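Please read the structure below before turning to the comments.
Protein chains: 2
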Amino acid sequence: MHAEILSVGTELLLGEIVDTNAQYISARLKEIGVSVYRRQTVGDNRSRLTGAFREALGRASLVIATGGLGPTDDDLTAACLAEALGLPLEFHEGAWEDMLEWFALRGREPSPGDRKQAMIIKGGIPFRNKVGTAPGQAVFKDGKLACILPGPPREMIPMFEEHVVPLIKSTFMDLVPLYIKNLKLTGLPEVRVGEIIKDLMESASPTVAPYVSRGEIRIRIAAGSKEPGEAKRMVDGMAREIRSRLKEYIYGEDDDTLESVVGEIMTRRGLSIAVAESVTGGLVAHKLTNVPGSSRYFKMGMVAYSPAIKATCLGVPDEALRKDEAVNAETAVSMALGVKSLAGTKIGLATTGFAGPTGGTDKEPVGTVYVAVADESGTEVERFVYSGSRIDVKEYGAVRALYVLWRRLSRSGKNPELK
Amino acid sequence: MHAEILSVGTELLLGEIVDTNAQYISARLKEIGVSVYRRQTVGDNRSRLTGAFREALGRASLVIATGGLGPTDDDLTAACLAEALGLPLEFHEGAWEDMLEWFALRGREPSPGDRKQAMIIKGGIPFRNKVGTAPGQAVFKDGKLACILPGPPREMIPMFEEHVVPLIKSTFMDLVPLYIKNLKLTGLPEVRVGEIIKDLMESASPTVAPYVSRGEIRIRIAAGSKEPGEAKRMVDGMAREIRSRLKEYIYGEDDDTLESVVGEIMTRRGLSIAVAESVTGGLVAHKLTNVPGSSRYFKMGMVAYSPAIKATCLGVPDEALRKDEAVNAETAVSMALGVKSLAGTKIGLATTGFAGPTGGTDKEPVGTVYVAVADESGTEVERFVYSGSRIDVKEYGAVRALYVLWRRLSRSGKNPELK
Chain L
18 MHAEILSVGT
28 ELLLGEIVDT
38 NAQYISARLK
48 EIGVSVYRRQ
58 TVGDNRSRLT
68 GAFREALGRA
78 SLVIATGGLG
88 PTDDDLTAAC
98 LAEALGLPLE
108 FHEGAWEDML
118 EWFALRGREP
128 SPGDRKQAMI
138 IKGGIPFRNK
148 VGTAPGQAVF
158 KDGKLACILP
168 GPPREMIPMF
178 EEHVVPLIKS
188 TFMDLVPLYI
198 KNLKLTGLPE
208 VRVGEIIKDL
218 MESASPTVAP
228 YVSRGEIRIR
238 IAAGSKEPGE
248 AKRMVDGMAR
258 EIRSRLKEYI
268 YGEDDDTLES
278 VVGEIMTRRG
288 LSIAVAESVT
298 GGLVAHKLTN
308 VPGSSRYFKM
318 GMVAYSPAIK
328 ATCLGVPDEA
338 LRKDEAVNAE
348 TAVSMALGVK
358 SLAGTKIGLA
368 TTGFAGPTGG
378 TDKEPVGTVY
388 VAVADESGTE
398 VERFVYSGSR
408 IDVKEYGAVR
418 ALYVLWRRLS
428 RSGKNPELK
Chain U
18 MHAEILSVGT
28 ELLLGEIVDT
38 NAQYISARLK
48 EIGVSVYRRQ
58 TVGDNRSRLT
68 GAFREALGRA
78 SLVIATGGLG
88 PTDDDLTAAC
98 LAEALGLPLE
108 FHEGAWEDML
118 EWFALRGREP
128 SPGDRKQAMI
138 IKGGIPFRNK
148 VGTAPGQAVF
158 KDGKLACILP
168 GPPREMIPMF
178 EEHVVPLIKS
188 TFMDLVPLYI
198 KNLKLTGLPE
208 VRVGEIIKDL
218 MESASPTVAP
228 YVSRGEIRIR
238 IAAGSKEPGE
248 AKRMVDGMAR
258 EIRSRLKEYI
268 YGEDDDTLES
278 VVGEIMTRRG
288 LSIAVAESVT
298 GGLVAHKLTN
308 VPGSSRYFKM
318 GMVAYSPAIK
328 ATCLGVPDEA
338 LRKDEAVNAE
348 TAVSMALGVK
358 SLAGTKIGLA
368 TTGFAGPTGG
378 TDKEPVGTVY
388 VAVADESGTE
398 VERFVYSGSR
408 IDVKEYGAVR
418 ALYVLWRRLS
428 RSGKNPELK
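Chains as they are written, first to last, in our numbering: chain L, 18 to 436; chain U, 18 to 436.
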């Protein structure tokens, strides 16, 4: 049993939007145990779309299409699937009533074109759309299941989860779902992570795969099994093994972010923080304040971009400011101590460096970032040199600053005196 | 004459990565005058990939595939295209020498598998890869052109631009390229923009289409013509008409960003700025400092998240702080004046509000953002209420702050006294 996905819309073929629906559906089908063999994208063209449905239904036992369900003449998906299946479209009272209710709730009247959206393929099941007007639908024929869904992701995703996933599970009974856990880590280059877990990445079940984004790595562990609980046991065992090898770098799982994890620790311990940034230009503060409830522990951010501000507001000594244009360890430590004292917080975190593209000194090239953290038990400072664009350097530097903070919070957490 | 695009890779079908190559190639083909009728994604599977090539070559006169050119056994793209065309693969000395040079430059030795990457379809043209090892290639047969390119975008894009685009233009001589201009605007809801340019959006040539992202709108104007200069004349004429209707909101074109445009104005006039942020949490400073050279005018950012910091560092009066938890016009204006004075800049910009998801007051709900700007000629403040997630409110608020700044800089620019 395998599936094909069809993305419908001329705007996709024109390159005007990226097709995130196909990726979403691919990933979710994999999780519930369905293999996708092919995806196609076709425009709003009757013969090509009908042909694509025929080809897909000829090969796969599950076909899912998104897009082209709207009220206008170039929304052809339902008509083309009907033609490919050799079935008529019929006006569906229930689907129409759902749409009337949707309009009534919003104090609006349907237009004549909206009736078209209540045309359902004979024998098909309409899926109510809670977010927009166009219902989706599913049709069974000759042991095959075809589903068509609206194109906007915020309409497609809830409909897929609520209607399509249960329908697939009840139609194809032998699917083996995947159990998945992601470990999130940072502070180590990808190539080192690859070396440390090389043998584990060769495992066939559970599979272990690292994914990299700027400064962070996610290790995805996945296993499928028909035995209840067996996949979870396998994945949890592998996660324990990976944790034992990389424990100083793994800050969380799945939806955790560095900023949410440090926020949770600071909240639990009643700590507070202030941040002084030069090279990261506000990005550390932005990340920390993305976390709901961060005002409980985040008190102040200072983007000290000029030497005068570093001196007058944060008390960085002249000597440090003159050395390599204030890109040095003493400046970073002074900034961390200065902002901690100015804001009256338990922790001060600071960054200084050269984001580029121009600037830098012989000793401290573009890409250099110093991160310093100060708390009641002292200070520490680290230097890194990154390559990439100005925005890459800011991003890597901000992630590193949060990692240095997390590492210090984790270590101090192990010492009961510092709790 | 039309094209099909083939994306190759099991990781795409597993939903592990988003296929940005297909979008990039679609958009660029449109610009040079080629219509894309279909895109397909297939995994690293010999029979399905060969079948997909056969189908595409049966329908289209140009087929472009990306991915599956590496040294490992599951990199099958060249072999499958060769099979679909009925042509053999041959070892290509020139392509191999290019690869050896690439390795030598990096002080590395090719591995035995790398030789496979120098296998070029008989009669084909290898494309040198400047970024990685795998060359691309193009083959002509029966009036059709097939190109295969590496999967990583940083390898694919330069090869596409340098080799594939010129080859398409010289092969298919009758293409009518598009001339495109984007107008960038903000400060007006999408629905209002749609009303103001409704009649223009119905134009068949040039076409006029708005694209929306958080807080900003891009209006894309595009026309094609065989007459040299005619498309540019049509697009420029349409741009003038749109500018005449929306001039207070259009801040730039194409690659301009709000932060780059305000930076350019401040640099030209020798102005300097400091920012005090509450609700936007550092995002305004982050955006301003994303611009290369921003240290010339950006002096200081202050994220004043606690009332104590707003009072002691920025001099916001107690009365303003107590009213609606410091979310009010007086607080915003005090913050703008306070940070301007603290940093000794010509301009102060400030935000305060409730990002949510919890909090807010009866009068000032979650989503409320006040933006204030202060300069030598006075102050102004505006209030907005946005809906969306915490991160949406921060993003909308930061874009609005930069818009209010841009608008004030533009207006003051028209008054020679303020220059």
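Quick reminder that beta carbons are idealized off the backbone N, C-alpha and C, glycines included.
Please read these numbers as outputs of a predicted model, since none were measured by experiment.
Identify which residue in the options has its Cα closest to the Cα of residue i.
i: Ile290/L; options: Gly395/L, Ala302/L and Val296/L; result: Ala302/L
i: Ala346/L; options: Gly299/L, Thr385/L and Gly140/L; result: Thr385/L
i: Ile137/U; options: Asn307/U, Ala328/U and Pro105/U; result: Pro105/U
i: Leu422/L; options: Met283/L, Val410/L, Pro309/L and Ser351/L; result: Met283/L
i: Gly103/L; options: Tyr228/L, Phe70/L and Gly111/L; result: Phe70/L
i: Ser441/L; options: Glu281/L, Val252/L and Leu300/L; result: Nothing in the structure corresponds to residue 441/L, since chain L is present only between 18 and 436.
i: Glu28/L; options: Pro169/L, Ile238/L and Asp216/L; result: Pro169/L
i: Tyr387/L; options: Lys198/L, Gly246/L and Ser351/L; result: Ser351/L
i: Gly318/L; options: Cys330/U, Tyr314/U and Gly310/U; result: Cys330/U
i: Tyr322/L; options: Lys316/U, Ser323/U and Ala321/U; result: Lys316/U
Whole angstroms are fine: how far does the CA of residue j sit from the CA of residue i?
i: Glu265/U; j: Arg424/U; result: 8 Å
i: Arg262/L; j: Tyr403/L; result: 25 Å
i: Ile185/U; j: Asn199/U; result: 25 Å
i: Asp335/L; j: Ile197/L; result: 53 Å
i: Ser187/L; j: Glu179/L; result: 13 Å
i: Lys249/L; j: Ile81/U; result: 42 Å
i: Val229/U; j: Val210/U; result: 11 Å
i: Ala293/U; j: Pro194/U; result: 47 Å
i: Ile22/U; j: Arg55/U; result: 7 Å
If you measure from the beta carbon of residue i to each beta carbon in chain L, is any gap under 9 Å?
i: Ala82/U; result: no
i: Asp36/U; result: yes
i: Asp374/U; result: Inspection of the sequence shows that residue 374/U is occupied by Pro rather than by Asp. Pro374/U counts as touching chain L.
i: Glu207/U; result: no
i: Phe312/U; result: A quick correction: the sequence has Ser, not Phe, at residue 312/U. It does; some Cβ of chain L falls within 9 Å.
i: Val292/U; result: yes
i: Phe226/U; result: Correcting the residue identity first, residue 226/U is Ala in this sequence and not Phe. Judged by the 9 Å Cβ criterion, Ala226/U is in contact with chain L.
i: Cys97/U; result: no
i: Glu399/U; result: no
i: Pro433/U; result: Its pLDDT being 43, under 50, Pro433/U is placed unreliably in this model, and the coordinates cannot settle the point.
Would you mind telling me which residues of chain U sit closer than 8 Å to residue i, beta carbon to beta carbon, in chain order?
i: Lys47/L; result: Leu31 and Gly32
i: Asn307/L; result: Gly298, Arg407, Ile408 and Lys411
Residues of chain A with CB under 8 Å from residue i, in chain order?
i: Pro334/U; result: Among the protein chains in the structure shown, which are L and U, there is no chain A.
Residues of chain L with a CB under 8 Å from the CB of residue i: which are they?
i: Ala321/U; result: Met317
i: Arg65/U; result: Tyr54 and Arg55
Residues of chain U with CB under 9 Å from residue i, in chain order?
i: Tyr387/L; result: Simply none; closest approach about 17 Å.
Beta-carbon of residue i versus every beta-carbon of chain U: anything under 9 Å?
i: Ser187/L; result: no
i: Tyr403/L; result: no
i: Lys436/L; result: Interpretation of Lys436/L is limited by its pLDDT of 34, a score under 50 that renders its predicted location unreliable; the figure taken from the coordinates is listed afterwards. No, because no Cβ of chain U sits closer than 9 Å to the Cβ of Lys436/L.
i: Asn199/L; result: no
i: Cys330/L; result: yes
i: Ala69/L; result: yes
i: Glu72/L; result: yes
i: Asn146/L; result: no
i: Asn62/L; result: yes
Report the neighbours of residue i on chain U: residues whose CB is nearer than 7 Å to its CB, in chain order.
i: Ala302/L; result: Gly298, Gly299 and Val320
i: Ala360/L; result: Ile326
Taking 8 Å as the line, does the beta carbon of residue i fall inside it for any heavy atom of the ligand ZN?
i: Arg132/U; result: In the structure shown, the ligand ZN is absent, as is every other ligand, since no ligand is present at all.
In chain L, which residues lie with their C-beta within 9 Å of the C-beta of residue i?
i: Thr58/U; result: Ile22, Ala39, Ser43, Val53, Arg55, Arg56, Gln57 and Thr58
Quick one: list the residues of chain L neighbouring residue i, beta-carbon separation under 7 Å, in chain order.
i: Pro170/U; result: Neighbours of Pro170/U on chain L: none; closest Cβ ~12 Å, over 7 Å.
* Touching by the beta-carbon criterion (3+ pairs, under 8 Å), the segment 368-379 of chain U and the segment 390-397 of chain U -> no
* Asked: Would you call the segment 202-214 of chain L and the segment 226-238 of chain L touching, i.e. three or more CB-CB distances under 8 Å?
  -> yes
* Stretch-stretch touch, CB-based, cutoff 8 Å, three pairs: the segment 47-54 of chain U with the segment 85-93 of chain U -> no
* To do: Tell me, please, whether the segment 101-117 of chain U touches the segment 144-157 of chain U by the rule of three or more beta-carbon pairs shorter than 8 Å.
  => yes
* To do: Could you tell me whether the segment 154-165 of chain U touches the segment 116-134 of chain U, using the rule of 3 or more Cβ pairs below 8 Å?
  => no
* Asked: How do the segment 124-141 of chain U and the segment 168-175 of chain U stand: do at least 3 beta-carbon pairs fall below 8 Å, yes or no?
  -> no
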